[in-house]
Structures are given as C-alpha cells and as structure tokens.
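Heads up: the sequence shown runs through residues 69 to 171, numbered per this note's numbering. Glycine included, every Cβ here is placed at the ideal spot set by N, Cα and C. Right, one structure below, let's go through it.
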Amino acid sequence: MYSYDAFILGGIASPDEAYQFAKGSAITHAAGFDMQLDQPFDFYAVTDHAYFLGVMREMALGDSELSQHPVAEGIDQIGDDPMPRRQYFSISPILLIPETAMK
Numbered sequence: 069m070y071s072y073d074a075f076i077l078g079g080i081a082s083p084d085e086a087y088q089f090a091k092g093s094a095i096t097h098a099a100g101f102d103m104q105l106d107q108p109f110d111f112y113a114v115t116d117h118a119y120f121l122g123v124m125r126e127m128a129l130g131d132s133e134l135s136q137h138p139v140a141e142g143i144d145q146i147g148d149d150p151m152p153r154r155q156y157f158s159i160s161p162i163l164l165i166p167e168t169a170m171k
C-alpha cells in the first residue's frame, strides 16, 4: 500500500514489481488477471502525489497512532478485495474532510 489511490483500488504492486512490468514481465492486476506489455517501455518512472502518502497503510496496520484516529475506523477490516475499499471510500470522511486525517 504505497498510495491512497492504490489502496482504494486494490493496487498492491510494489515499485520493484512495476519496474519489472515496465521491462516486459507479467504482473497480476488488482482484479486478478495477468497483464503484460507487448513491448517494454523505453523509459519508466514510479510517481505519485504526496497527499496521504503512507497514511492508508498506517491506518490499516492497527497498531499505529493513525490507526486510532476516528477516520481510520474499519479500514483494517476491508481486506484485499478492491470493491469494499471503493464502497468504503466513496462515503469516507477522508474524502469529505481531508484535514481530519492530518490532525
């Protein structure tokens, strides 16, 4: 869980796995199917916006300070299926009042 967006959509690939994918290796999509490029990329970068970077992981761990915040309630129970994550975050206070996760 490297980013907020990846967590919501069930993206669990690491930057190393993404790099292998860019070089032409197969990778498993969050929906469970394998995908592979027809041709490796000429260049590649793993990027993300920094907003909430690492916050979802900390909330899901259950033993961190962020996991005790009211906004984190239930996040550690969501599991690996991306559909409950999408449903949870479509009504999450994080989306309604982003500053609450930072206090």
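In whole angstroms, what separates the C-alpha of residue i from that of residue j?
i: residue 133; j: residue 127; result: 8 angstroms
i: residue 123; j: residue 107; result: 35 angstroms
i: residue 105; j: residue 135; result: 37 angstroms
i: residue 100; j: residue 78; result: 10 angstroms
i: residue 138; j: residue 97; result: 31 angstroms
i: residue 119; j: residue 73; result: 10 angstroms
i: residue 131; j: residue 145; result: 13 angstroms
i: residue 88; j: residue 112; result: 10 angstroms
Could you round the C-beta distance between residue i and residue j to whole angstroms and report it? I think they count as a contact, below 8 angstroms.
i: residue 114; j: residue 86; result: 6 angstroms
i: residue 90; j: residue 75; result: Not confirmed; about 22 angstroms, so no contact.
In the DSSP output, what is residue i paired with across the bridge?
i: residue 68; result: Given a span of 69 to 171 for the chain in the structure shown, any question on residue 68 remains unanswerable.
So, for residue i: in the same chain, excluding its five sequence neighbours on each side, which residues have a beta-carbon less than 6 angstroms away from its beta-carbon?
i: residue 116; result: 71
i: residue 102; result: 94 and 96
Near residue i, which residues of its chain fall below 7 angstroms by C-beta distance, leaving aside the five closest residues on each side in sequence?
i: residue 84; result: none
i: residue 121; result: 71
i: residue 140; result: 127 and 134
Closer than 8 angstroms by C-beta to residue i: which residues in its own chain qualify, once you throw out the five before and the five after it? Chain order, please.
i: residue 92; result: 104, 105, 107 and 108
At what residue ranges does the stretch 110 to 145 contain a whole run of the alpha helix (DSSP H), taking only runs of 4 or more?
-> 123 to 129
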